[in-house]
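Working notes, beginning with the structure itself.
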Amino acid sequence: MAKKKQQTDESQTPKGADSLDAVFQAAQRDMRKHWGERQYVGGAEESRLFCLDAPLALQSLLGLPGLPLGRSYVFVGEPGSCKSAGMYEVGRIFRRAGGGFTLIETEKKESASLLKSISGYDNRRRAVYYARTVEEWQECVTANLDATRKMLAEHDPPSAYPWFFIVDSIGGVTTASVGEAIESEGAAKLVQPQAANILNTYLKRMGHWFDLSPFAVGFVNHLKLSPDRHGNRNVRNMQGGYAPRFHESLEIEFQPVGRQFENRSPVHELGRRIRLKIYKNSLAGEGQPLEVEMRWYFEELAAGGRIQRTYWDWETALVDRLLDSDLPAKVRKEIDALVDIRPVNKGKSVSFASERLGVSEKEPVSARKLGCLIEANQELRRALRGPLGIQDRFVFQPGVDIDGQRREAVQRIVAIPGDGLDLATLPDDPQGMEGARA
Numbered sequence: 003m004a005k006k007k008q009q010t011d012e013s014q015t016p017k018g019a020d021s022l023d024a025v026f027q028a029a030q031r032d033m034r035k036h037w038g039e040r041q042y043v044g045g046a047e048e049s050r051l052f053c054l055d056a057p058l059a060l061q062s063l064l065g066l067p068g069l070p071l072g073r074s075y076v077f078v079g080e081p082g083s084c085k086s087a088g089m090y091e092v093g094r095i096f097r098r099a100g101g102g103f104t105l106i107e108t109e110k111k112e113s114a115s116l117l118k119s120i121s122g123y124d125n126r127r128r129a130v131y132y133a134r135t136v137e138e139w140q141e142c143v144t145a146n147l148d149a150t151r152k153m154l155a156e157h158d159p160p161s162a163y164p165w166f167f168i169v170d171s172i173g174g175v176t177t178a179s180v181g182e183a184i185e186s187e188g189a190a191k192l193v194q195p196q197a198a199n200i201l202n203t204y205l206k207r208m209g210h211w212f213d214l215s216p217f218a219v220g221f222v223n224h225l226k227l228s229p230d231r232h233g234n235r236n237v238r239n240m241q242g243g244y245a246p247r248f249h250e251s252l253e254i255e256f257q258p259v260g261r262q263f264e265n266r267s268p269v270h271e272l273g274r275r276i277r278l279k280i281y282k283n284s285l286a287g288e289g290q291p292l293e294v295e296m297r298w299y300f301e302e303l304a305a306g307g308r309i310q311r312t313y314w315d316w317e318t319a320l321v322d323r324l325l326d327s328d329l330p331a332k333v334r335k336e337i338d339a340l341v342d343i344r345p346v347n348k349g350k351s352v353s354f355a356s357e358r359l360g361v362s363e364k365e366p367v368s369a370r371k372l373g374c375l376i377e378a379n380q381e382l383r384r385a386l387r388g389p390l391g392i393q394d395r396f397v398f399q400p401g402v403d404i405d406g407q408r409r410e411a412v413q414r415i416v417a418i419p420g421d422g423l424d425l426a427t428l429p430d431d432p433q434g435m436e437g438a439r440a
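Start counting the sequence shown at 3; every next residue gets the next number (my numbering).
If you want it as structure tokens, here you go:
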């Protein structure tokens, strides 16, 4: 007698897409035994990326609500473009958030006074190293990443503060073998591009050491523009070959605008205007270039002597951005609805008023002071992200365990049931919609 086929309760058996979902989840539970925290299911990969809060003008350049953590940056520019000073400024932002930074210097051209004048004269949570070869700066980066990760993991709360690692510059030294040959022979000779090969191999691995830590690594690189076949100087040549560009998440070019300027009153200041342009951003769209001034002055100390103070004037750059006449009409209208900035001609200078910020036309303030008022208003800063084209991403909270922040982030990730699985209802012509071209 044939064995009777076992009956199943069809009401308990999911069918179609529902059954596939159940099978997929079961398979992923099994895969997690091998991949652990490297496995992300259901959109949770968004929780890998957190941004460290930064000045709003800088956010508008990046298209992000801050500096991305767990990623590498490259600042490039020709000599005198203030790219090293830009790295010091990022280090200052990390220090102000309760963390710190580590500078690995390879060129022997650093200015200790410039570093301190930007990041502060308190030496806590800041370290400087000198490396003589490519291998040495790589060993220094690796050792510092490892030591800082362990230090922050043992802190209470763990991994709750950001740290920035700077290499200035990525091509400032050669390999150990080439250096030894120069010392023994007294001159350099044509060699194979050993440094580029070593750099490429190292960068392939480096990014995986800190992608889940509140860290970022920044490289300064030199840019040499050469003419194309038409004679235009637009061919961008950088040290290290293609490797840095391949592995970086963010590349910003620094371009001086005009000559060094001087303001004699009310405070005697010197400065340079710098144009920042995004050449690569793997995390957001390419934003419009931003012009910002780096200014410095000297402060007399009560105990005698004087020190230099240097600052990047992000606040004035923000007001310039908000008043940009090239903004689309729709964006212009959105900004005006949030903050009504009105230029006021007062004497030889232009001041600004804003009813919403409590600044009257009778007592207008400088662009920098108005920018400071905007930066101090957290609700207004968040509201301006939309018109300025800044994406919504998770913002790192200093002093809070980053693993806990990631777990909470998973609960806030946007999920729309059926979106992408069902037929999307897109307009026939998005550009033809009313107001699309405003």
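Just so it is clear, CB atoms sit at the ideal spot from N, CA and C, and this is done for glycine as well.
For residue 413, the enclosing alpha helix (DSSP H) covers residues 404-414. With respect to residue 319, residue 340 sits apart: the two C-beta atoms are not nearer than 9 Å.
When secondary structure is reduced to three states using DSSP, residue 273 falls in the strand class. Within a 10 Å sphere around the beta-carbon of residue 366 sit 16 or more other beta-carbons, which makes this residue buried. Counting only residues of its own chain and dropping the five nearest sequence neighbours on each side, residue 241 has a CB closer than 8 Å to the CB of 171, 172, 173, 223 and 224. DSSP places residue 170 in no alpha helix (DSSP H) but in the uninterrupted beta strand (DSSP E) bounded by 165-170. Beta bridge pairing from DSSP links residue 298 with 272 and 312. Looking at the DSSP output, residue 229 sits in a beta bridge with 235. Membership of residue 259 in the beta strand (DSSP E) is indicated by the continuous run 252-265. Secondary structure note for residue 143: it is in no beta strand (DSSP E), and the uninterrupted alpha helix (DSSP H) holding it is 136-156. Under the three-state reduction of DSSP output, residue 247 falls in the helix class. A residue is called buried once 16 or more other Cβ atoms fall within 10 Å of its Cβ, and residue 158, having fewer, is exposed.
Straight through space, the alpha carbons of residue 53 and residue 98 are spaced by roughly 15 Å.
Here residue 363 really is in contact with residue 355; their C-beta atoms are around 4 Å apart, less than 8 Å. In this structure, residue 314 sits near residue 87, with a CB-CB distance shorter than 9 Å. Assignment of residue 104 by DSSP, reduced to helix, strand and coil, places it in the strand class. Put simply, the segment 128-147 touches the segment 101-118. At least three CB pairs are less than 8 Å apart.
Secondary structure at residue 71: coil, using DSSP grouped into helix, strand and coil. In this chain, the beta strand (DSSP E) harbouring residue 353 covers 351-355. Here residue 281 carries a strand assignment [DSSP, helix/strand/coil]. Judged by DSSP secondary structure, residue 358 falls outside any alpha helix (DSSP H); it is assigned neither H nor E. Residue pairing of residue 344 in beta bridges, as defined by DSSP: 355. With a cutoff of 9 Å on beta-carbon distance, residue 25 and residue 254 are scored as not near each other.
Residue state for residue 204 is assigned as helix, using DSSP reduced to three classes. Counting along the chain, no alpha helix (DSSP H) covers residue 212, and no H or E run does either. Taking all protein chains shown into account, residue 259 has fewer than 16 neighbouring C-beta atoms within 10 Å of its C-beta and is therefore exposed.
If you draw a straight line from the Cα of residue 288 to the Cα of residue 302, it comes to about 42 Å. Under the DSSP assignment, residue 117 falls in the alpha helix (DSSP H) whose first and last residues are 114-121. Beta-bridge annotation (DSSP): residue 292 is paired with 278.
Between residue 144 and residue 165, the gap from beta carbon to beta carbon reaches 9 Å or more. Three or more Cβ pairs closer than 8 Å define a contact, and the segment 62-74 meets that threshold against the segment 205-216. Annotated three-state conformation of residue 223 is strand, per DSSP. In this structure, residue 271 sits away from residue 244, with a CB-CB distance that is not shorter than 9 Å. If you check the CB distance, residue 93 and residue 126 do not come in under 9 Å. At a Cβ-Cβ threshold of 9 Å, residue 377 and residue 58 count as neighbours.
Secondary-structure assignment with DSSP links residue 45 through no beta bridge to anything.
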